[in-house]
Every structure is written in C-alpha cells, then in structure tokens.
Amino acid sequence: MPAPSPTRSLDLDGTSVLIFDDSAAACLAAADQIAELVRSTVAQRGKAVLGLATGGTPVPVYKGLVEEHRAGRLSFGEVSTFNLDEYYPMSPLDPQSYRTYMHRHLFSQVDLAPNRAHVPDGTVPESALEAYGASYDRWIEAEGGLDLQLLGLGRNGHIGFNEPADLDTETALKLPTRPVSLHPTTVADAAGDFGGEALVPRRALTMGTASILSARRILVLAFGAKKAEAVAQSLTGPMTAQVPGSLLRSAGDRVTWVLDPEAASQLPGVGG
Ligand code: PGA
C-alpha cells in the first residue's frame, strides 16, 4: 500500500511542514520515510544511525516499522539507535522506563542488535552523570552522527527533555547530553503513566540540543489541539530557549514537521 500523502504542505522559511488527514496517516507516512531512509543509507554507506523518541506520539510509527520488517522490506541488521532520554533515577527493567518502552514497541520486534540499541542509562551514579552524558555524545559522533532524529514535541515546546530554559540562544543550541530537572508541565503530562504526579521522577537524562540539531534529517511529529500552541510558537515565534522546538529552525531544511490538522491549527493560513 502506498504511504499516505499530506493534504497540505507548507514551506515556513525553508522548513517543510506536512499536514495529514489524521495522526494515523501521518504516522504511516513517517514510518515509510524512516524505512526508506534506512534502506538508502545502508545501501550508500553500509549502516544507518537513528535517533529515537518515546511518548505516546511515535507508538504507531514503531508499529509501522515493525510491519515493514515483518513483511521482509526492512532490516535493522546494520542500524544503530540512540534514544533521546530516560527518567532518572530509573532501572532499565522498570515498566515505566523508556528502555522498557523501546523494548516493547521496537527492539524486541526487529533484528536490531541489542548492543547497538542505546537508551540513556538511568542507573548511572549521580557523580558520573555529566561524564556519562559526554560519553553518549561521543558514541553518537563515533558512529558518524545521526542520519535521522525522530522527535515529539512537549506541550511546553520541549524536545527530548530539553525543557524551556532561561539561556541565551547560542548556549541553548549547543547543550550536551546531560542530567536535567523536568518542567512542571512535563511532570503533569507524565502523571497518567506513573499513577499520579507524586510518583513521576523529577529528573531525567536527555540528549542535548547539540546532538539533536546535528542530525542529517530531523522528523518532528506533533498531534492534537494540545500541541497547537507549541507548534505555532516553534515554527513562527522567536527562536528562543524558552521554546526549545523553535531551536529546530537553526537546522533549516533538514527539518520536516509532520502534523495533523489540530496540531497545525494555529499556523498562519491554516486555522480558521
Ligand atoms: P507525547 O510526548 O508523545 O507523549 O505527547 C511528546 C514529548 O513530550 O516529546
């Protein structure tokens, strides 16, 4: 079956924005693009390096990739993956860990070598966190950088767990992988997963903006009216550390936004 086509495409200062009928169509199209990128990158340079995201948004994308794999059209045999983030502290075996999420939705279902599937380690001792973050960035670099980064967008505009911050833009564009504190909006949005806000970890490890923004392609997925304001601020507001999604504009035409009509509704010329 051919991948769904967008019902609308916009070019916002060189950034491509694709709006699909609904999130299901958008996720199928995203899975198709990722599968195609893996095939062509492996054909060209013998391997592909993917930056992966968790959360509710990309679940159907992973389902689409698993289906491609089961149909014999996609192998992860030459793929390495680096996830954006993990709660801290967090055991990889905890049902709430992002390692468990990835195992359930992708890693256990495809032919990806376990030693090439990287998720930040939520068990690293406190005193080693900064050094561990620097190592994570070095591992990505040693693989030749990310061929593709898949991203969701928080309601507060966060990418990975790079939360809104009081930083100058130049610093915000170069942040390393590091320990962070979660923003109250992020804690509130994770409450459902943890059985209440009080049970949500207040800290996390996140891939930094430097590695994210260096990816050769960046695919940002956002669905639903609750993301509309963050999408509009990211794409049309000032480029600022207060809206981490706006920092993606520094990556220009390497970025594609994949939206449903609700998430796109506050973009100029779309709503109404
Ligand atoms: P969600 O989270 O996919 O669960 O909405 C997105 C994000 O916070 O990056």
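The sequence shown begins at 1008 in the numbering used here and counts up one residue at a time. Note that the Cβ used here is the ideal one computed from N, Cα and C, for glycine as well.
Taking each of S1134, A1135, Y1139, D1118 in turn and checking the Cα distance to V1126, the smallest one comes out for Y1139.
As for any alpha helix (DSSP H) of minimum length 4 sitting wholly inside the stretch 1103 to 1173, the runs are 1105 to 1112, 1136 to 1149, ordered along the chain. With 5 Å as the limit, the residues whose C-beta approaches any heavy atom of ligand 1 more closely are G1062, G1063, T1064, G1159, G1161, in sequence along the chain. Per DSSP, E1177 is one residue of the alpha helix (DSSP H) stretching across 1176 to 1179. In this chain, the alpha helix (DSSP H) harbouring A1036 covers 1030 to 1052. Per DSSP, reduced to three states, the secondary structure at P1186 is strand. When P1251, D1200, E1148, I1147 are compared, the shortest CA-CA separation from L1180 is found for P1251.
The beta-carbon distance between A1195 and A1235, rounded to whole angstroms, is 18 Å. This is too long to meet the 8 Å contact definition.
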